[in-house]
Amino acid sequence: AERYFAAARALDVTPDAEPADVFPTPEDEARAASVAPPEHVALAPGASRATKRWPPSHWRTLAGLLRQRGVPVVAVGAAAERPLLCGDGLIEAYGLPLRAVAALLRRARAVVANDSGLMHLATTARRPVVALFGPTAPSLGFFPYRAAATVVERALGCRPCSVFGSDHCPLGHHRCMIEITPEDVARAVMAAG
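Numbering (the working numbering), first residue to last: 231 to 423.
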C-alpha cells in the first residue's frame, strides 16, 4: 500500500493511518444481516494459490473448536471455495458480492483468513483479523494493512519461498501451513475477539 501512496504523491494523496475503506450499501448490510448473526467468527478458507491455503481438515477442526465454545461460525469466499469448508453447524455465505461480504465481516467478532484478498477485505471491517501465512511472509509487504491483526506463521528455514504463493510446495511438504494448528488459531481468535 505504501508503494501506491508513493506513486500518488504528485496527487497530494497521503495515508491516513487507517485501513482501507469499503462502503456497503444498506442493501448489502441487510443481506449480511439475513445471512450471519452478529458476533460470529468469519472463516475465509480460500486463496489464489494452493500453497497459501490452510488444509481443509484444519479449517473443519477450527470451526468445530469455535462451535464448542458457543461461537457461531460463518464460512465466506467465492462459490468455488465451498469444498474447502462446508458441513454441519456452519453458516455458509459463499458467492456473495464483495460489498455484502464486507458488511458480513463488519458483523464478525473476528475474521480468520489465509494470506488472500479476503484477508485484505477483512481489514476494512475494522474487526480483529487472524491471518495465516505460509509460503509468503509479512516481511514481503503483503500483511493486514494497518489493522488489528494477529499473524500466525511458523519459522521455517524454507520460508518465505514465494512472494505470491504457488501451485505446489517446492520441497513437497507444505509444512509452513500444515504445522499451523487449529488449536493455535483458535487461541488467537479467542484472544483477538
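Think of the CB as a built atom: it goes at the ideal place given N, C-alpha and C, for glycine as much as any other residue.
Could you tell me which of A263, R283, A274 and T255 sits nearest to I408, measuring between CA atoms?
-> Mapped onto the sequence shown, residue 408 falls at position 178. Nearest of A263, R283, A274 and T255 to I408, Cα basis: R283.
Please go through the same chain and pick out, in chain order, the residues whose beta-carbon is closer than 8 Å to the beta-carbon of A367, but skip the five residues on each side of it.
-> One-based indexing of the sequence shown puts residue 367 at position 137. By the criterion of a C-beta distance shorter than 8 Å, A367 is surrounded in its chain by E383, R389 and P390, once the five residues flanking it on both sides are discounted.
Limits of the alpha helix (DSSP H) - the one that E257 falls within = Residue mapping note: residue 257 aligns to position 27 of the sequence shown, counting from 1. Segment P256 to V265, the alpha helix (DSSP H) holding E257.
Find the nearest neighbour of S278 within the set E269, D345, A266 and E259, judged by alpha-carbon distance.
-> Translated into the one-based positions of the sequence shown, residue 278 becomes position 48. Nearest C-alpha to S278: D345.
Assumed close pair G336, A355 - CB separation to whole angstroms, cut-off 8 Å | The residue given as residue 336 occupies position 106 in the sequence shown. The residue given as residue 355 occupies position 125 in the sequence shown. The residue you asked about is not Gly; residue 336 is Arg in the sequence shown. Confirmed, about 5 Å.
May I ask you to report which of helix, strand or coil DSSP gives T380?
-> Looking up residue 380 in the sequence shown gives position 150. The answer is strand: DSSP assigns T380 an E or B state.
State the DSSP-derived secondary structure class of L296, mapped to helix, strand or coil.
-> To locate residue 296, count along the sequence shown from 1; it is residue 66. Three-state result, L296: helix.
Pair within 9 Å by beta-carbon distance, P374 and H350 | In the sequence shown, residue 374 corresponds to position 144, counting from 1. In the sequence shown, residue 350 corresponds to position 120, counting from 1. Contact: yes.
Tell me whether the beta-carbon of V359 lies closer than 9 Å to the beta-carbon of A343.
-> As a working mapping, residue 359 is identified with position 129 in the sequence shown. As a working mapping, residue 343 is identified with position 113 in the sequence shown. The Cβ atoms of V359 and A343 sit closer than 9 Å to each other.
What first and last residue would you give for the beta strand (DSSP E) that runs through G307?
-> Counting from 1 along the sequence shown, the entry for residue 307 is found at position 77. From DSSP, the beta strand (DSSP E) with G307 extends over V303 to G307.
Could you check what DSSP says for V415 in three-state terms: helix, strand or coil?
-> If you number the sequence shown from 1, residue 415 lands on position 185. In the displayed model, V415 falls within a helix according to three-state DSSP.
From S264 to R299, what does the alpha carbon distance come to, in whole angstroms?
-> Looking up residue 264 in the sequence shown gives position 34. Looking up residue 299 in the sequence shown gives position 69. Between S264 and R299, the C-alpha separation is close to 23 Å.
If you draw a straight line from the C-alpha of A309 to the C-alpha of Y324, how long is it?
-> Residue 309 sits at position 79 when you count from the first residue of the sequence shown. Residue 324 sits at position 94 when you count from the first residue of the sequence shown. Distance between the alpha carbons of A309 and Y324: 5 Å.
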